[in-house]
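**Q** Take a look at the following structure, please.
Numbering (my numbering), first residue to last: 52 to 177.
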């Protein structure tokens with residue numbers, strides 16, 4: 052019987068199917084995803100949230116060294132499963148959720164088959 056290295060012995064787990072898919076089925080909302088490049092529309096599930104982001108602003112020369120200034124913002128974020136789209140999400144794609152249109156500002160892959168899309172609200176339809 053051949054000896055396996057610890058790396059070979061590790062069983063590969065499809066995180067996207069085993070974890071993300073059931074979470075999206077339980078907690079996700081239907082969204083319309085519109086590709087900015089391919090002009091394709093797809094209805095997928097996503098989990099909306101508001102995320103806190105903090106960015107360090109370059110220190111002004113009048114400020115003492117070691118006292119950086121920060122700006123924080125609460126941004127709309129949606130978690131999606133990459134396998135639900137036939138293309139990779141990118142900046143300027145659009146999402147429609149509950150009659151609000153958002154544009155994708157940033158795509159952050161999670162390394163497990165999902166992504167967090169940082170959104171900017173564009174318009175609201177009444």
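Even glycine gets a Cβ: it sits at the ideal position worked out from N, Cα and C.
#1: Roughly how far, in whole angstroms, is the beta-carbon of residue 138 from the beta-carbon of residue 86, given that I think they are within contact range, below 8 Å?
#2: With a 10 Å radius around its C-beta and 16 neighbouring C-beta atoms as the bar for buried, classify residue 92 as buried or exposed.
#3: What are the start and end residues of the alpha helix (DSSP H) that includes residue 78?
#4: Kindly indicate which residue of 136, 134, 98 has the alpha-carbon position closest to the one of residue 170.
#5: Label residue 101 either buried or exposed according to how many other C-beta atoms from any shown protein chain fall within 10 Å of its C-beta, with 16 as the threshold for buried.
#6: Does the distance from the C-beta atom of residue 82 to that of residue 129 stay below 8 Å?
#7: May I ask you to report which of helix, strand or coil DSSP gives residue 138?
#8: So, helix, strand or coil for residue 123, using DSSP?
#9: Taking just the CA atoms, how far does residue 163 sit from residue 148?
**A** Short version:
#1: About 6 Å separates the beta carbons of residue 138 and residue 86, which is inside the 8 Å limit, making them a contact pair.
#2: Classification of residue 92: exposed, given that the 10 Å Cβ count is below 16.
#3: In the DSSP assignment, residue 78 falls within the alpha helix (DSSP H) that extends over 72-78.
#4: Closest by C-alpha distance to residue 170, out of 136, 134, 98, is 98.
#5: With a threshold of 16 other beta carbon atoms within 10 Å, residue 101 falls short and is exposed.
#6: Yes, Cβ-Cβ distance for residue 82 and residue 129 is below 8 Å.
#7: Here residue 138 carries a coil assignment [DSSP, helix/strand/coil].
#8: Note: residue 123 maps to strand in three-state DSSP.
#9: Each residue's Cα considered, the two are about 24 Å apart.
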